[in-house]
Amino acid sequence: MKAGVKLPDVTFHTRVRDETIEGPNPFRWEDKTTADYFSDKRVVLFSLPGAFTPTCSTYQLPGFENGFADFAAQGIDAIYCMSVNDSFVMNKWAEAQKLENVGVIPDGSGEFTRKMGMLVSKDNLGFGNRSWRYAAVVNNGVVEAWFEEPGLTDNHGEDPYGVSSPETVLNFLTDASKESAA
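Heads up: the sequence shown begins at 1 in UniProt numbering, then just goes up one per residue.
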C-alpha cells in the first residue's frame, strides 16, 4: 500500500543518556530527525498503540527484540519501535523490556504518525490519539514493504495483531531474499 513512499521529515524530541550528568536522571534532550534514524540503512520500523500495553509488551516488541539476529541476517541494519508516547515513557518502557537490539522512537505529538496516515483516535480506551499498528521495511528512508493491521479506524473495538508481527515481516524478508537469490 505505501511501498515506494518516502518517510515524512519530522524532528523527534528524545532524551538520551549523558554520563556527564550526575544524579538520578542522567539524560539530556536531543532532537533527532527522520534522516538520523533512516538514512543510509535498511531498517524495520514498527508502530503500535502504546508503550506498556499488553500485546505490544508481550508479543510484538519482544518478538522483534529476540529475533534481531534473524533480521540482521536478512540485511536489516536496525529495528525501531515507534509509538505516540513521549520520550520519558518510551525510555522507561525500553528499560522495563531490557531492550538491547530494538531502538525506541518517541512520536509524542503524533506528527510522524499523522503524516503517515496512521494516527487514530483511541478515546474509547482513554488513550487519545495513537498510532494504528503497522510495520514497514524501510530502505534509506523509503518504504520497501508495508504491513498494516486491518480495520484502520478511529475508536476500533479491537486491537488487531498479526499482519505486523515480527514473524510476518521476517517471512517477507526471507522470501524476498530467496527470490533475489534465484
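Idealized CB from N, CA, C, for every residue including glycine.
At least 9 Å separates the beta-carbon of Lys2 from that of Val169. Look at Pro106 here: in three-state DSSP terms it is strand. Approximately 7 Å separates the beta-carbon atoms of Phe12 and Asp31; this is inside 8 Å, confirming the contact.
Listed in chain order, the beta strand (DSSP E) elements of length 3 or more contained wholly in the region 30-74 are 42-48. Leu99 sits in coil when the DSSP states are folded into three classes, being neither helix nor strand.
At the C-beta level, Val10 and Val138 stay beyond 9 Å of one another. Residue pairing of Tyr80 in beta bridges, as defined by DSSP: Leu45 and Gly103.
Contact check for Asn85 against Gly117 fails: the beta carbons are separated by 9 Å or more. Taking Pro8 as the centre and dropping the five residues before and after it, the same chain places the C-beta of Thr34, Phe112, Lys115 and Met116 closer than 7 Å to its C-beta, in chain order.
The region 57-70 makes no contact with the region 119-126: fewer than 3 CB pairs, one atom from each, lie closer than 8 Å. Here Thr20 is exposed: its Cβ has fewer than 16 other Cβ atoms, across all protein chains shown, within 10 Å. Here Val5 carries a coil assignment [DSSP, helix/strand/coil]. Note on Thr14: 16 or more other CB atoms within 10 angstroms of its CB, so buried under the neighbour-count rule.
In this structure Pro160 is not in contact with Gly63, their Cβ atoms being roughly 16 Å apart against a cut-off of 8 Å. Relative to the Cα of Phe147, the nearest Cα in the group Asn25, Ser164 and Pro106 belongs to Ser164. Annotated as distal: Ala181 and Ser47, with beta-carbon spacing of 9 Å or more. Spatial neighbours of Leu152 in its own chain (CB-CB distance under 8 Å, excluding positions within 5 residues in sequence) are listed in chain order as Met118, Val120 and Trp132. The beta carbons of Ser177 and Gln74 sit about 6 Å from each other, so the pair counts as a contact at 8 Å. For Phe172, the closest of Ser109, Phe71, Pro150 and Glu22 by C-alpha to C-alpha distance is Phe71.
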